[in-house]
Amino acid sequence: MALKVELKPNERIIVGNCVITNTDQRARLLIDGDRIPILREKDILTPETADTPAKLIYLAVQLMYLSPDPMAHHPTYFSLVRDIITAMPSAWPFIESVNNFILNGDLYHALKESKKLIAHEEKLLETARDQQNADRDDARKSA
Numbered sequence: 133m134a135l136k137v138e139l140k141p142n143e144r145i146i147v148g149n150c151v152i153t154n155t156d157q158r159a160r161l162l163i164d165g166d167r168i169p170i171l172r173e174k175d176i177l178t179p180e181t182a183d184t185p186a187k188l189i190y191l192a193v194q195l196m197y198l199s200p201d202p203m204a205h206h207p208t209y210f211s212l213v214r215d216i217i218t219a220m221p222s223a224w225p226f227i228e229s230v231n232n233f234i235l236n237g238d239l240y241h242a243l244k245e246s247k248k249l250i251a252h253e254e255k256l257l258e259t260a261r262d263q264q265n266a267d268r269d270d271a272r273k274s275a
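Residue numbers (the numbering used here): 133 to 275.
Pasting the structure below:
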């Protein structure tokens, strides 16, 4: 069964090891193939946009997903995992799920699960910022 992808004007997509850029009009593609990595532009992270530990893990999984030799990226991935678990133990359930998908060779679902890790990290960071702002407000009131 072919995958139907609709691209916005000038949107890019990665299919295999090719980057396809749409023209200035909407386009609909039917992509047929077996186990071909496909990533829409909105799902692509670059080293510049991977600015948090969870995003770095997503980037490592993305590189595995797109690579003809995913295992070449395992050392980087597992090093990042050690770091994030040390700093954010609550990430373990997400990491465990990503690990299981990687070990089963299902890198697409590992990538999707990595997005959940990013959402968890963002929630923790937002909570920390809110607490910091509340502490700052309390300090001002008592001054």
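Quick reminder that beta carbons are idealized off the backbone N, C-alpha and C, glycines included.
Using the Cβ count rule (16 or more neighbours within 10 Å means buried), how would you classify residue i?
i      : result
Pro169 : buried
His206 : exposed
Leu212 : buried
Val151 : exposed
Glu245 : buried
Look at residue i and residue j and say whether their C-beta atoms are less than 7 Å apart.
i      : j      : result
Val193 : Leu243 : yes
Leu361 : Met203 : Nothing in the structure corresponds to residue 361, since the chain is present only between 133 and 275.
Leu191 : Leu177 : yes
Glu138 : Thr184 : no
Ile145 : Arg167 : no
Among the options, which residue has its Cα nearest to the Cα of residue i?
i      : options                        : result
Ile217 : Ala186, Ser199, Gln264, Arg172 : Ala186
Ile189 : Ala271, Lys247, Leu235, Asn265 : Lys247
Asn154 : Thr208, Arg172, Gly148, Glu143 : Glu143
Ala223 : Gly165, Ala266, Leu249         : Leu249
Pro141 : Val151, Val147, Ala271, Ala159 : Ala159
Please list the terminal residues of the continuous alpha helix (DSSP H) segment that includes residue i.
i      : result
Ile163 : That residue, Ile163, is in no alpha helix (DSSP H); its beta strand (DSSP E) goes 159-163.
Ile189 : 185-198
Along the chain, where does the beta strand (DSSP E) that runs through residue i open and close?
i      : result
Arg144 : 144-147
Worksheet entry | Uninterrupted alpha helix (DSSP H) stretches inside the stretch 208-246 (no shorter than 4 residues) | 224-235
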